[in-house]
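Working notes for the structure below.
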Amino acid sequence: MAYLKLHGIESAILTDGQYEVQKIKTNVIGARDFFQTIIYTDKLGKDYWNPNTKGFELLKEKFNVEYEEMLYVGDNPMKDFYISKNIPIHTARVMRDDAIYQNESYLEDVMEEYTFNDFRDLWNILSESGAKISSKFLE
């Protein structure tokens, strides 16, 4: 993520889950050092957790971009990539060897557009997709 920041790519965290728990997680990883915005959807209400579009609407407004200029990075096929059915956003799935959700089914078979194993590959994905902002889902 430091590489993206160094190259002027804006990034945000859009996170579900209980606010207090997610706040601790973002503090522990030093998220404010790398991400310009953190949206805790729990503060909006549980109805706004992913795959609700509200968090993405807020990011679109905050960064003054179109949905087509956004890349959403997630790891949970049960909810992360379904958003592309509701809004025209690019999606990418990070595949980790120890991923909790690696064997989960996709919600309504809506899959990610890109897949990667190493966050250094995000630069290539951003270039290929034409996205100007990257948002990561933190669980």
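Using the numbering used here, you'd call the opening residue of the sequence shown number 831 and step up by one each time.
Every residue gets a Cβ at the ideal spot worked out from N, C-alpha and C, and that includes glycine.
In the structure shown, THR856 adopts helical secondary structure according to DSSP, grouped into three states. One thing to note: THR883 has its Cβ within 8 Å of the Cβ of ILE913.
By the C-beta criterion, the region 941-960 is judged to be in contact with the region 889-903, since at least 3 inter-stretch pairs fall below 8 Å.
Residue burial is scored here from C-beta neighbours: THR945 has fewer than 16 other C-beta atoms within 10 angstroms and is therefore classed as exposed.
Between the region 917-935 and the region 860-878 there are fewer than three inter-stretch CB-CB distances shorter than 8 Å, so the stretches are not counted as touching. For VAL940, same chain residues with a beta-carbon under 7 Å away, outside a window of 5 residues either side, are PHE911, TYR912, SER914, LYS915 in chain order. Per DSSP, the unbroken alpha helix (DSSP H) holding SER914 starts and ends at 913-916.
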